[in-house]
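When the letters of the sequence shown are read in order and numbered with the numbering used here, they come out as residues 29 to 321. Even for Gly, the Cβ is constructed at its ideal location relative to N, Cα and C. Note that this is a predicted model, so its numbers are computed, not measured. Presented below is the structure to which this report refers.
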Amino acid sequence: MDASLRVFLVDDDPIILELLAGTLGSICDLETFSSAAACLERLGELKPDLFLLDVSMPEMDGYALCRRLKDDWETQDIPVLFVSANDDNETRMLCYEAGGDDFIQKPFEHSEMLGKLNVAGRILAEKKALREQAGYAQKTAMVAMVSMGELGIVLQFLSKSFACNTVEELARALLEAMGQYDLQAAVQMRLGDEALSLSQNGRNLPLEVSVLNHVSDSGRIFQFKSRCAFNYGRVTLMVNNMPLEDAERCGRIRDNGALLAEGADARLKAIEVELLANQRRACIEAALPRLYS
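Below, the structure is given as C-alpha coordinates:
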(Lines of atoms letter the chains of each structure in order from A and count residues from 1; the text may use other names and numbers.)
(Lines give C-alpha, C1' and ligand atoms only; values in the text may rest on other atoms or scores of the structure.)
Protein backbone atom coordinates (compact mmCIF):
# COMPACT_ATOMS: atom_id res chain seq x y z
CA MET A 1 0.00 0.00 0.00
CA ASP A 2 1.13 3.54 -0.69
CA ALA A 3 2.27 4.98 2.65
CA SER A 4 1.30 8.44 1.40
CA LEU A 5 -2.39 7.42 1.35
CA ARG A 6 -4.06 9.81 3.80
CA VAL A 7 -6.91 8.20 5.76
CA PHE A 8 -9.36 9.87 8.17
CA LEU A 9 -10.79 7.37 10.66
CA VAL A 10 -13.93 8.44 12.58
CA ASP A 11 -15.15 6.22 15.44
CA ASP A 12 -16.42 7.00 18.94
CA ASP A 13 -14.93 3.78 20.34
CA PRO A 14 -11.41 4.51 21.70
CA ILE A 15 -10.51 0.82 21.55
CA ILE A 16 -11.26 0.68 17.80
CA LEU A 17 -9.30 3.89 17.26
CA GLU A 18 -6.31 2.47 19.13
CA LEU A 19 -6.55 -0.88 17.36
CA LEU A 20 -6.70 0.63 13.88
CA ALA A 21 -4.02 3.18 14.69
CA GLY A 22 -1.71 0.30 15.56
CA THR A 23 -2.75 -1.66 12.46
CA LEU A 24 -2.75 1.10 9.86
CA GLY A 25 -0.51 3.78 11.31
CA SER A 26 2.64 2.30 9.80
CA ILE A 27 1.25 1.68 6.31
CA CYS A 28 -0.69 4.88 5.63
CA ASP A 29 -0.96 8.46 6.83
CA LEU A 30 -3.72 7.94 9.40
CA GLU A 31 -5.59 10.56 11.43
CA THR A 32 -8.22 9.48 13.98
CA PHE A 33 -11.29 11.36 15.24
CA SER A 34 -13.71 10.43 18.00
CA SER A 35 -16.61 12.40 16.50
CA ALA A 36 -17.97 13.63 13.19
CA ALA A 37 -17.63 17.23 14.40
CA ALA A 38 -13.89 16.81 14.99
CA CYS A 39 -13.46 15.33 11.52
CA LEU A 40 -15.41 18.16 9.87
CA GLU A 41 -13.32 20.74 11.70
CA ARG A 42 -10.12 19.12 10.44
CA LEU A 43 -11.45 19.12 6.87
CA GLY A 44 -11.20 22.89 6.89
CA GLU A 45 -7.43 22.46 6.97
CA LEU A 46 -6.74 19.17 5.18
CA LYS A 47 -8.52 16.71 2.89
CA PRO A 48 -7.84 12.95 3.04
CA ASP A 49 -7.73 10.40 0.26
CA LEU A 50 -10.12 8.08 2.09
CA PHE A 51 -12.64 8.07 4.94
CA LEU A 52 -13.21 5.18 7.36
CA LEU A 53 -16.50 5.89 9.15
CA ASP A 54 -18.19 4.08 12.01
CA VAL A 55 -21.93 3.74 11.41
CA SER A 56 -23.16 4.22 15.00
CA MET A 57 -21.97 7.45 16.61
CA PRO A 58 -23.74 9.98 18.88
CA GLU A 59 -24.90 13.41 17.64
CA MET A 60 -24.01 12.74 13.97
CA ASP A 61 -23.81 9.10 12.86
CA GLY A 62 -21.79 7.75 9.97
CA TYR A 63 -24.70 7.98 7.51
CA ALA A 64 -25.24 11.68 8.21
CA LEU A 65 -21.53 12.41 8.03
CA CYS A 66 -21.24 10.58 4.71
CA ARG A 67 -24.17 12.51 3.25
CA ARG A 68 -22.55 15.71 4.46
CA LEU A 69 -19.31 14.76 2.73
CA LYS A 70 -21.05 13.79 -0.51
CA ASP A 71 -22.97 17.09 -0.59
CA ASP A 72 -19.74 19.09 -0.44
CA TRP A 73 -18.03 19.46 -3.83
CA GLU A 74 -14.61 19.51 -2.12
CA THR A 75 -15.10 16.04 -0.57
CA GLN A 76 -17.78 14.41 -2.72
CA ASP A 77 -15.27 12.37 -4.73
CA ILE A 78 -13.34 11.04 -1.71
CA PRO A 79 -14.18 7.33 -1.12
CA VAL A 80 -16.00 6.39 2.11
CA LEU A 81 -15.61 2.96 3.76
CA PHE A 82 -18.17 2.19 6.46
CA VAL A 83 -17.31 0.11 9.52
CA SER A 84 -20.17 -1.51 11.45
CA ALA A 85 -20.90 -4.44 13.77
CA ASN A 86 -24.21 -4.94 11.92
CA ASP A 87 -24.06 -6.92 8.69
CA ASP A 88 -27.75 -7.03 7.79
CA ASN A 89 -29.21 -5.91 4.46
CA GLU A 90 -30.75 -2.79 5.98
CA THR A 91 -27.38 -1.52 7.26
CA ARG A 92 -25.65 -2.18 3.96
CA MET A 93 -28.51 -0.49 2.04
CA LEU A 94 -28.34 2.58 4.31
CA CYS A 95 -24.58 2.76 3.77
CA TYR A 96 -25.11 2.55 0.03
CA GLU A 97 -27.86 5.20 0.03
CA ALA A 98 -25.68 7.54 2.07
CA GLY A 99 -23.03 7.36 -0.66
CA GLY A 100 -20.62 4.82 0.80
CA ASP A 101 -18.14 3.02 -1.44
CA ASP A 102 -17.47 -0.11 0.66
CA PHE A 103 -18.39 -1.84 3.90
CA ILE A 104 -16.36 -3.65 6.57
CA GLN A 105 -17.95 -5.64 9.36
CA LYS A 106 -16.72 -5.51 12.97
CA PRO A 107 -14.83 -7.36 14.25
CA PHE A 108 -12.72 -7.35 11.12
CA GLU A 109 -9.71 -9.37 10.10
CA HIS A 110 -6.41 -7.55 9.72
CA SER A 111 -6.00 -8.98 6.22
CA GLU A 112 -9.50 -7.88 5.22
CA MET A 113 -8.88 -4.29 6.30
CA LEU A 114 -5.57 -4.18 4.40
CA GLY A 115 -7.22 -5.72 1.36
CA LYS A 116 -10.01 -3.13 1.39
CA LEU A 117 -7.54 -0.28 1.71
CA ASN A 118 -5.35 -1.71 -1.06
CA VAL A 119 -8.37 -1.84 -3.37
CA ALA A 120 -9.34 1.70 -2.42
CA GLY A 121 -5.77 2.90 -2.99
CA ARG A 122 -5.63 1.23 -6.39
CA ILE A 123 -8.95 2.82 -7.41
CA LEU A 124 -7.69 6.22 -6.28
CA ALA A 125 -4.51 5.76 -8.33
CA GLU A 126 -6.55 4.77 -11.38
CA LYS A 127 -8.82 7.80 -10.96
CA LYS A 128 -5.78 10.03 -10.66
CA ALA A 129 -4.29 8.56 -13.82
CA LEU A 130 -7.58 9.01 -15.64
CA ARG A 131 -7.81 12.63 -14.50
CA GLU A 132 -4.27 13.24 -15.71
CA GLN A 133 -5.06 11.61 -19.05
CA ALA A 134 -8.27 13.62 -19.32
CA GLY A 135 -6.37 16.78 -18.46
CA TYR A 136 -3.74 15.99 -21.10
CA ALA A 137 -6.44 15.22 -23.67
CA GLN A 138 -8.25 18.45 -22.83
CA LYS A 139 -5.02 20.42 -23.08
CA THR A 140 -4.23 18.77 -26.42
CA ALA A 141 -7.74 19.56 -27.69
CA MET A 142 -7.43 23.18 -26.55
CA VAL A 143 -4.05 23.52 -28.25
CA ALA A 144 -5.55 22.04 -31.44
CA MET A 145 -8.48 24.46 -31.27
CA VAL A 146 -6.15 27.41 -30.69
CA SER A 147 -3.90 26.24 -33.53
CA MET A 148 -6.88 25.97 -35.87
CA GLY A 149 -8.01 29.45 -34.87
CA GLU A 150 -4.53 30.84 -35.45
CA LEU A 151 -4.29 29.09 -38.80
CA GLY A 152 -7.63 30.65 -39.67
CA ILE A 153 -5.98 34.08 -39.36
CA VAL A 154 -3.41 33.01 -41.97
CA LEU A 155 -6.15 31.80 -44.31
CA GLN A 156 -8.12 35.01 -43.75
CA PHE A 157 -5.07 37.08 -44.63
CA LEU A 158 -4.42 35.08 -47.79
CA SER A 159 -8.03 35.68 -48.84
CA LYS A 160 -7.83 39.41 -48.11
CA SER A 161 -4.49 39.73 -49.87
CA PHE A 162 -6.11 39.02 -53.25
CA ALA A 163 -8.02 42.30 -52.91
CA CYS A 164 -4.83 44.28 -52.15
CA ASN A 165 -3.72 46.19 -55.22
CA THR A 166 -0.92 48.27 -53.69
CA VAL A 167 2.10 47.55 -51.53
CA GLU A 168 0.72 49.64 -48.68
CA GLU A 169 -2.65 47.85 -48.73
CA LEU A 170 -0.84 44.53 -48.52
CA ALA A 171 1.43 45.73 -45.69
CA ARG A 172 -1.53 46.99 -43.68
CA ALA A 173 -3.39 43.71 -44.17
CA LEU A 174 -0.34 41.84 -42.86
CA LEU A 175 -0.10 44.08 -39.79
CA GLU A 176 -3.82 43.59 -39.18
CA ALA A 177 -3.31 39.82 -39.21
CA MET A 178 -0.50 40.10 -36.66
CA GLY A 179 -2.74 42.29 -34.51
CA GLN A 180 -5.24 39.41 -34.34
CA TYR A 181 -2.49 37.42 -32.62
CA ASP A 182 -2.10 40.32 -30.13
CA LEU A 183 1.35 40.93 -31.54
CA GLN A 184 3.13 44.18 -32.33
CA ALA A 185 4.84 43.97 -35.67
CA ALA A 186 6.64 45.90 -38.37
CA VAL A 187 6.85 44.95 -42.04
CA GLN A 188 9.08 45.89 -44.93
CA MET A 189 8.09 45.20 -48.53
CA ARG A 190 10.53 45.75 -51.36
CA LEU A 191 9.30 46.33 -54.88
CA GLY A 192 11.84 47.21 -57.52
CA ASP A 193 14.09 49.96 -56.20
CA GLU A 194 11.56 51.09 -53.62
CA ALA A 195 10.87 49.75 -50.12
CA LEU A 196 8.01 50.45 -47.76
CA SER A 197 8.47 49.97 -44.02
CA LEU A 198 5.30 50.12 -41.96
CA SER A 199 4.20 49.55 -38.35
CA GLN A 200 1.56 50.85 -35.97
CA ASN A 201 4.03 53.67 -35.20
CA GLY A 202 4.05 54.95 -38.77
CA ARG A 203 5.75 54.45 -42.11
CA ASN A 204 9.43 54.57 -43.04
CA LEU A 205 10.60 55.56 -39.55
CA PRO A 206 14.42 55.88 -39.77
CA LEU A 207 15.40 53.57 -36.89
CA GLU A 208 12.73 51.01 -37.80
CA VAL A 209 13.90 51.03 -41.42
CA SER A 210 17.48 50.50 -40.22
CA VAL A 211 16.50 47.51 -38.08
CA LEU A 212 14.37 45.95 -40.83
CA ASN A 213 17.20 46.41 -43.34
CA HIS A 214 19.57 44.67 -40.93
CA VAL A 215 17.35 41.65 -40.16
CA SER A 216 16.36 41.22 -43.82
CA ASP A 217 19.77 39.59 -44.40
CA SER A 218 19.64 37.35 -41.32
CA GLY A 219 18.09 34.19 -42.74
CA ARG A 220 14.55 32.90 -43.12
CA ILE A 221 13.75 33.19 -39.40
CA PHE A 222 15.89 35.30 -37.08
CA GLN A 223 15.15 35.77 -33.38
CA PHE A 224 16.80 38.15 -30.95
CA LYS A 225 15.33 38.17 -27.44
CA SER A 226 11.65 39.10 -27.78
CA ARG A 227 11.94 40.01 -31.46
CA CYS A 228 11.56 37.56 -34.30
CA ALA A 229 11.94 38.35 -37.99
CA PHE A 230 10.58 36.36 -40.93
CA ASN A 231 12.18 36.86 -44.32
CA TYR A 232 10.65 35.55 -47.48
CA GLY A 233 11.66 36.99 -50.84
CA ARG A 234 10.82 40.68 -50.83
CA VAL A 235 9.01 40.65 -47.47
CA THR A 236 10.44 41.07 -43.98
CA LEU A 237 8.00 40.68 -41.11
CA MET A 238 9.29 41.44 -37.62
CA VAL A 239 7.40 40.64 -34.41
CA ASN A 240 8.45 42.84 -31.50
CA ASN A 241 6.78 41.07 -28.56
CA MET A 242 7.21 37.31 -28.84
CA PRO A 243 5.64 35.59 -25.77
CA LEU A 244 8.87 34.00 -24.57
CA GLU A 245 7.15 32.64 -21.44
CA ASP A 246 4.97 30.40 -23.63
CA ALA A 247 7.21 28.13 -25.71
CA GLU A 248 4.31 26.40 -27.46
CA ARG A 249 2.76 29.69 -28.57
CA CYS A 250 6.16 30.95 -29.74
CA GLY A 251 6.46 27.84 -31.89
CA ARG A 252 3.04 28.42 -33.44
CA ILE A 253 3.85 32.08 -34.09
CA ARG A 254 7.06 31.09 -35.88
CA ASP A 255 5.12 28.66 -38.07
CA ASN A 256 2.32 31.09 -38.86
CA GLY A 257 4.66 34.06 -39.25
CA ALA A 258 6.60 32.18 -41.91
CA LEU A 259 3.35 31.32 -43.71
CA LEU A 260 2.17 34.94 -43.58
CA ALA A 261 5.48 36.25 -44.94
CA GLU A 262 5.44 33.67 -47.74
CA GLY A 263 1.83 34.51 -48.63
CA ALA A 264 2.58 38.23 -48.63
CA ASP A 265 5.59 37.70 -50.89
CA ALA A 266 3.46 35.71 -53.35
CA ARG A 267 0.90 38.50 -53.52
CA LEU A 268 3.67 41.11 -53.81
CA LYS A 269 5.02 39.30 -56.88
CA ALA A 270 1.54 39.30 -58.37
CA ILE A 271 1.19 43.03 -57.69
CA GLU A 272 4.53 43.61 -59.42
CA VAL A 273 3.37 41.63 -62.46
CA GLU A 274 0.14 43.63 -62.54
CA LEU A 275 2.05 46.93 -62.27
CA LEU A 276 4.40 45.92 -65.11
CA ALA A 277 1.44 44.86 -67.24
CA ASN A 278 -0.27 48.19 -66.57
CA GLN A 279 2.93 50.07 -67.46
CA ARG A 280 3.25 48.15 -70.75
CA ARG A 281 -0.37 48.76 -71.51
CA ALA A 282 0.06 52.49 -70.83
CA CYS A 283 3.12 52.62 -73.08
CA ILE A 284 1.27 50.85 -75.89
CA GLU A 285 -1.72 53.15 -75.54
CA ALA A 286 0.58 56.18 -75.57
CA ALA A 287 2.37 54.91 -78.71
CA LEU A 288 -0.78 54.06 -80.70
CA PRO A 289 -1.68 57.67 -81.64
CA ARG A 290 1.82 58.21 -83.00
CA LEU A 291 1.57 55.09 -85.19
CA TYR A 292 -1.56 56.37 -86.87
CA SER A 293 -0.59 60.02 -87.15
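C-alpha gap between residue i and residue j, whole angstroms
{"i": "A113", "j": "F36", "result": "19 angstroms"}
{"i": "Q104", "j": "K75", "result": "11 angstroms"}
{"i": "F258", "j": "E196", "result": "18 angstroms"}
{"i": "K297", "j": "R218", "result": "10 angstroms"}
{"i": "K188", "j": "R200", "result": "11 angstroms"}
{"i": "L122", "j": "K98", "result": "14 angstroms"}
{"i": "A64", "j": "R96", "result": "10 angstroms"}
{"i": "P42", "j": "F79", "result": "17 angstroms"}
{"i": "G207", "j": "A213", "result": "8 angstroms"}
{"i": "N205", "j": "L235", "result": "Just to set this straight, residue 205 is Ala in the shown sequence, not Asn. Answer to the nearest angstrom: the Cα atoms are 23 angstroms apart."}
{"i": "A157", "j": "G143", "result": "21 angstroms"}
{"i": "L58", "j": "I132", "result": "17 angstroms"}
{"i": "I151", "j": "P107", "result": "9 angstroms"}
{"i": "P135", "j": "R159", "result": "36 angstroms"}
{"i": "E140", "j": "L48", "result": "12 angstroms"}
{"i": "F185", "j": "D274", "result": "24 angstroms"}
{"i": "T51", "j": "E73", "result": "25 angstroms"}
{"i": "Q251", "j": "N229", "result": "21 angstroms"}
{"i": "R309", "j": "L272", "result": "50 angstroms"}
{"i": "D89", "j": "A126", "result": "11 angstroms"}
{"i": "E154", "j": "D245", "result": "55 angstroms"}
{"i": "V239", "j": "L303", "result": "28 angstroms"}
{"i": "S190", "j": "E222", "result": "Just to set this straight, residue 190 is Phe in the shown sequence, not Ser. Between F190 and E222, the C-alpha separation is close to 21 angstroms."}
Neighbourhood of residue i by C-beta, 8 angstroms cutoff - its chain only, sequence neighbours within 5 removed
{"i": "Y209", "result": "E178, I181, I281 and N284"}
{"i": "Y260", "result": "R248, A286, A289, E290, A292 and D293"}
{"i": "G220", "result": "E300"}
{"i": "L45", "result": "L37, D39, T60 and S62"}
Contact check, residue i vs residue j, beta carbons under 8 angstroms
{"i": "L33", "j": "G149", "result": "yes"}
{"i": "V38", "j": "L81", "result": "yes"}
{"i": "V301", "j": "V263", "result": "no"}
{"i": "D130", "j": "L109", "result": "yes"}
{"i": "C56", "j": "L93", "result": "no"}
{"i": "A292", "j": "L202", "result": "yes"}
{"i": "R295", "j": "L211", "result": "no"}
{"i": "V83", "j": "T119", "result": "yes"}
{"i": "N232", "j": "I299", "result": "no"}
{"i": "V322", "j": "R277", "result": "The structure shown does not extend to residue 322, since the chain is modelled only from 29 through 321, so no value can be given for it."}
Per DSSP, cross-strand counterpart(s) of residue i
{"i": "M217", "result": "L224 and V263"}
{"i": "S112", "result": "Q133"}
{"i": "T60", "result": "L37"}
{"i": "A257", "result": "F250 and M266"}
{"i": "L78", "result": "V35"}
{"i": "R231", "result": "L226"}
Own chain residues within Cβ distance below 6 angstroms of residue i, not counting five before or after
{"i": "V237", "result": "S225"}
{"i": "M270", "result": "S254, C256 and C278"}
Rounded Cβ spacing between residue i and residue j (contact assumed at less than 8 angstroms)
{"i": "D115", "j": "M85", "result": "At roughly 18 angstroms, the Cβ-Cβ gap does not stay under 8 angstroms, so D115 and M85 are not in contact."}
Contact with chain D by residue i, beta-carbon distance below 8 angstroms
{"i": "N146", "result": "Going by chain labels, chain D is absent from the structure shown, which holds only one protein chain."}
Close-in-space but distant-in-sequence residues of the same chain around residue i (CB under 7 angstroms, 5 per side omitted)
{"i": "V243", "result": "F250, A257, T264 and M266"}
{"i": "D100", "result": "none"}
{"i": "H138", "result": "T51"}
Closer than 7 angstroms: residue i CB and nearest the ligand GDP heavy atom
{"i": "E140", "result": "Absence of the ligand GDP is noted for the structure shown, with no ligands found whatsoever."}
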